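Some notes on the structure that comes next.
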Amino acid sequence: MGYAGTGGMIWGWLISWAFIQCVAMGMAELCSSMPTSGGLYYVAAVLAPPGWGPFAAWITGWSNWIVQVTAAPSLDYALSAMALAAASIANPNYVPTDYQTFLLTVLLMIIHACISSMPTLSIANFNTYGSTLNMIGLLIVIIMIPASVTGTETTPKFFPSKDVWSIQNGTDWPDGIAVLMSFIAIIWTMSGYDAPFHLSEECSNANVASPRAIVMTSVHPSIIESDLGQPWASYLVQVMPQETTLSILGLTIVCGFSMGQGCMVAASRVTFAYACDGCFPGPWWIKSVNRHTYTPVNAVWFNTTIGVLLLLLIFGGSVAIGTIFSVGAIAAYVAFTIPIFIRVFFVGNRFRRGPWHLGRFSKPIGVAACAFILAMIPILCLPSVRGNHLTAELMNWTIAVYGVPWFKGPVINIEHHMLGRNMAVKGVEASSGSVGPSLPDRNVDLGAFSAEGQDQVDV
32 MGYAGTGGMI
42 WGWLISWAFI
52 QCVAMGMAEL
62 CSSMPTSGGL
72 YYVAAVLAPP
82 GWGPFAAWIT
92 GWSNWIVQVT
102 AAPSLDYALS
112 AMALAAASIA
122 NPNYVPTDYQ
132 TFLLTVLLMI
142 IHACISSMPT
152 LSIANFNTYG
162 STLNMIGLLI
172 VIIMIPASVT
182 GTETTPKFFP
192 SKDVWSIQNG
202 TDWPDGIAVL
212 MSFIAIIWTM
222 SGYDAPFHLS
232 EECSNANVAS
242 PRAIVMTSVH
252 PSIIESDLGQ
262 PWASYLVQVM
272 PQETTLSILG
282 LTIVCGFSMG
292 QGCMVAASRV
302 TFAYACDGCF
312 PGPWWIKSVN
322 RHTYTPVNAV
332 WFNTTIGVLL
342 LLLIFGGSVA
352 IGTIFSVGAI
362 AAYVAFTIPI
372 FIRVFFVGNR
382 FRRGPWHLGR
392 FSKPIGVAAC
402 AFILAMIPIL
412 CLPSVRGNHL
422 TAELMNWTIA
432 VYGVPWFKGP
442 VINIEHHMLG
452 RNMAVKGVEA
462 SSGSVGPSLP
472 DRNVDLGAFS
482 AEGQDQVDV
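In the working numbering, the protein residues as written are 32 to 490.
Structure below.
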């Protein structure tokens with residue numbers, strides 16, 4: 032809301048949503064061809080031109096891991112801010128402090144980690160109930176807001192349409208740039224639809240069910256998601272009675288809790304897959320599977336520890352903690368777009384489609400997705416102020432946070448596992464009809480690689 036007001040948010044949903052669908056559909060097509068928990072970075076390695084597989088996998092993998100490891104902390108921070116905002120509404124004398132926000136967010140992280148450490152069936156049941164509650168909550172909120180809205184002595188019950196669509200520029204940039212900068216809220220909100228890709232190894236009929244889930248997740252964005260929580264609470268308290276406001280906030284928090292758990296479990300599967308492929312220089316226990324739950328419990332708590340450390344940015348102010356939102360959004364769409372870009376511009380008609388595909392619309396949809404992300408990445412790295420107004424506290428440090436892992440990634444590990452292996456992979460054919468190289472097959476039960484060099488990898 033701070034970049035371009037309500038007009039920027041509305042235009043943001045209408046414009047960016049269309050392009051985000053292109054990204055989601057392109058990803059779903061790749062998922063149908065190669066459903067694996069490694070997801071995007073595996074696809075990038077398989078589809079990349081000869082000699083470029085390790086580099087493409089490295090960039091895609093680190094980008095995807097960054098968004099996964101920041102997703103749960105950012106969402107839990109939003110829930111904590113929303114819960115404390117509700118407490119402030121109920122008790123006007125109460126003013127939340129940074130340490131209270133931090134402790135509540137850490138508590139939510141620990142609860143989500145415990146749930147994500149449970150057996151797969153229990154997690155699936157929790158996610159089913161959470162998804163159902165989200166859809167019901169969406170309908171309730173859609174009905175309650177227009178039915179409960181009230182006017183005041185100074186404001187009407189409903190504002191004229193021109194006021195809603197007008198742009199209130201809160202930056203030092205022109206209106207057009209301010210509107211584009213407001214896309215960050217939509218892009219962050221819509222950055223979690225790759226989760227079915229990473230959970231594809233734990234579901235039946237994965238090459239159809241997973242891509243369908245990706246598209247359905249992006250087509251039905253939830254109105255009750257918000258970027259920071261307090262703006263949502265502030266909006267509600269201005270247009271409806273306090274009791275109704277607190278009811279909607281409570282429903283939003285409960286629904287958001289299930290979203291946070293979904294982010295946590297998806298992140299753990301990504302970390303597990305990357306650890307198995309040797310992408311982390313850390314200890315071997317990250318890639319182990321718990322003997323009792325048969326889930327990657329160590330990966331869950333590894334991500335939780337990193338998330339808690341990231342939450343220390345709360346004490347650095349709103350700009351500092353806001354970095355985990357912007358870096359997550361940018362990293363997500365970098366990871367989403369690289370495999371689509373390779374598939375459209377390098378593989379072309381040699382791509383071996385799965386049962387869920389886009390047909391003749393595959394290439395134009397992929398081009399639109401890539402063009403949108405290439406245009407948005409520099410915009411999302413801009414600070415809201417410039418010139419003499421720009422200070423270290425107001426600087427957008429997203430690119431610095433995002434760039435650090437690029438210079439610490441274990442490139443040699445990826446090359447060791449990818450080069451020198453003559454493996455057949457379903458997903459892409461060479462121009463001669465042979466099948467290109469890929470990452471080695473993973474033995475999920477043991478959390479280790481298959482040693483055979485000539486195995487058929489069925490993805």
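Glycine included, each C-beta is placed from N, C-alpha and C at the ideal position. In this text, all values refer to a predicted model and were calculated from it rather than measured experimentally.
By the CB criterion at 7 Å, valine 328 and asparagine 321 fall inside the cutoff.
Excluding its 5 nearest sequence neighbours in each direction, serine 278 has C-beta neighbours in its own chain below 8 Å: Met175, listed in chain order.
Three or more Cβ pairs closer than 8 Å define a contact, and the segment 295 to 306 meets that threshold against the segment 139 to 151. Following the DSSP letters along the chain, one finds histidine 143 inside the alpha helix (DSSP H) bounded by residues 129 to 147. Sequence-distant partners of glycine 291 (beyond 5 residues in either direction) whose C-beta falls short of 7 Å from its own C-beta, in its chain, are Ala103, Leu106, Asp107, Leu110, Leu139 and His143. Only residues of its own chain outside the window of five on either side were considered, and among them Ser222, Gly359, Ala362, Ala363 and Ala366 have a CB closer than 7 Å to the CB of valine 98, listed in chain order. Of all C-beta pairs linking the segment 392 to 401 to the segment 53 to 63, three or more are shorter than 8 Å, placing the two stretches in contact. If you look at valine 378, you'll find it isn't in any alpha helix (DSSP H); DSSP assigns it neither H nor E.
Here DSSP, grouped into helix, strand and coil, assigns serine 197 to coil. Taking a C-beta distance under 7 Å as the contact criterion, glycine 43 and phenylalanine 214 qualify as a contact pair. Taking each of Leu71, Phe346 and Gly281 in turn and checking the Cα distance to valine 172, the smallest one comes out for Gly281. Here tyrosine 72 really is in contact with alanine 88; their C-beta atoms are around 5 Å apart, less than 8 Å.
Between isoleucine 408 and the set Ser94, Ala155 and Met40, the nearest pair of CA atoms involves Ser94. Nearest to leucine 405 by alpha-carbon distance, out of Thr368, Leu413 and Trp387, is Thr368. Judged by DSSP secondary structure, valine 296 falls within the alpha helix (DSSP H) whose first and last residues are 273 to 307. In terms of CA proximity to tryptophan 263, Ala114 leads the group Cys53, Gln199, Thr91 and Ala114. Annotation: cysteine 310 is outside any alpha helix (DSSP H) and is labelled neither H nor E by DSSP.
Assignment of leucine 115 by DSSP, reduced to helix, strand and coil, places it in the helix class.
For a cut-off of 8 Å, the C-beta gap from alanine 112 to threonine 132 is around 6 Å, short enough to register as a contact. Contact annotation: isoleucine 337 and valine 100 have beta-carbon atoms nearer than 7 Å. Spanning the alpha carbons of threonine 159 and isoleucine 355 requires a straight line of approximately 28 Å. Remark: C-beta atoms of valine 416 and aspartate 203 approach each other more closely than 7 Å. In the DSSP assignment, threonine 163 falls within the alpha helix (DSSP H) that extends over 151 to 179. Boundaries of the alpha helix (DSSP H) around valine 398: 393 to 411.
Just so you know, the alpha carbons of threonine 276 and serine 265 end up roughly 9 Å apart.
Shortest Cα-Cα distance from proline 123 to any of Ala155, Val268 and Val74 involves Val268. Per DSSP, leucine 341 is one residue of the alpha helix (DSSP H) stretching across 328 to 341. The C-beta separation of arginine 383 from serine 64 comes to about 6 Å, placing the pair in contact by the 8 Å criterion. Residue Ala121 holds the alpha-carbon nearest to the alpha-carbon of glutamine 273 among Ala121, Gly385 and Trp83. Burial state of methionine 426 is exposed, judged by a 10 Å Cβ sphere holding fewer than 16 other Cβ atoms.
Its Cα nearest to that of glycine 287, the residue Thr136 stands out among Ser119, Thr136 and Pro80. Taking each of Ala304, Gly347, Val210 and Ile371 in turn and checking the Cα distance to leucine 413, the smallest one comes out for Val210. The alpha-carbon of tyrosine 325 is positioned some 14 Å away from that of isoleucine 317. Take serine 148, set aside five residues on each side of it, and the residues of its chain with a beta-carbon closer than 7 Å to its own are Thr324, Thr326, Val328 and Val331, in chain order. The straight-line gap separating the alpha-carbon atoms of isoleucine 371 and valine 54 is approximately 8 Å.
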